[in-house]
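Residue numbers (this note's numbering): 15 to 127.
Positions of the beta carbon are idealized from the N, C-alpha and C atoms, including for glycine.
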């Protein structure tokens with residue numbers, strides 16, 4: 015099973031199992047990562063699942079179009095402490111190619127930001 019790492023707000027990494035077919039938001043909720051609220055349930059109607067994607071993973075988490083959708087961009091405008099690698103975790107679907115994915119929670123100030 016793929017795994018992924020969440021960089022927590024205090025900077026510590028949390029490695030978790032990340033089943034294919036689940037969104038990063040769903041994976042966070044499954045592992046009780048409370049900062050990923052997902053208030054809209056993944057319907058792209060809020061920004062409560064905002065994360066920073068490690069730059070090494072940025073191109074791999076983009077949709078097939080090669081860019082974040084206009085709808086996601088609009089929601090990201092509402093996010094706290096937006097960074098250039100910000101994404102909504104509900105829009106990143108886990109698959110084998112993302113095994114080892116690293117994302118950071120807002121407020122964690124990852125070294126790459």
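Inter-residue CB distance, residue 61 and residue 22 (contact presumed, cutoff 8 Å)
Residue mapping note: residue 61 aligns to position 47 of the chain shown, counting from 1. Residue mapping note: residue 22 aligns to position 8 of the chain shown, counting from 1. Between residue 22 and residue 61 the Cβ distance is about 19 Å, and since that is not below 8 Å, they are no contact.
Beta-carbon proximity check, residue 117 vs residue 38, cutoff 9 Å
The sequence position of residue 117 within the chain shown is 103, counting from 1. The sequence position of residue 38 within the chain shown is 24, counting from 1. Result yes, Cβ atoms of residue 117 and residue 38 sit closer than 9 Å.
So, using beta-carbon positions, are residue 130 and residue 120 closer together than 9 Å?
The shown model of the chain, from 15 to 127, leaves out residue 130, and the question about it has no answer.
Start and end residues, alpha helix (DSSP H) containing residue 115:
The residue given as residue 115 occupies position 101 in the chain shown. Per DSSP, residue 115 belongs to no alpha helix (DSSP H); it is in the beta strand (DSSP E), 115-118.
Need the endpoints of the beta strand (DSSP E) that residue 102 sits in, please.
Counting from 1 along the chain shown, the entry for residue 102 is found at position 88. Where residue 102 is concerned, the enclosing beta strand (DSSP E) starts and stops at 100-102.
Just to confirm the assignment, what range does the beta strand (DSSP E) spanning residue 28 have?
Translated into the one-based positions of the chain shown, residue 28 becomes position 14. Following the DSSP letters along the chain, one finds residue 28 inside the beta strand (DSSP E) bounded by residues 27-31.
Helix, strand or coil at residue 75 according to DSSP, with G and I counted as helix
Walking along the chain shown from the start, residue 75 turns up at place 61. It is helical.
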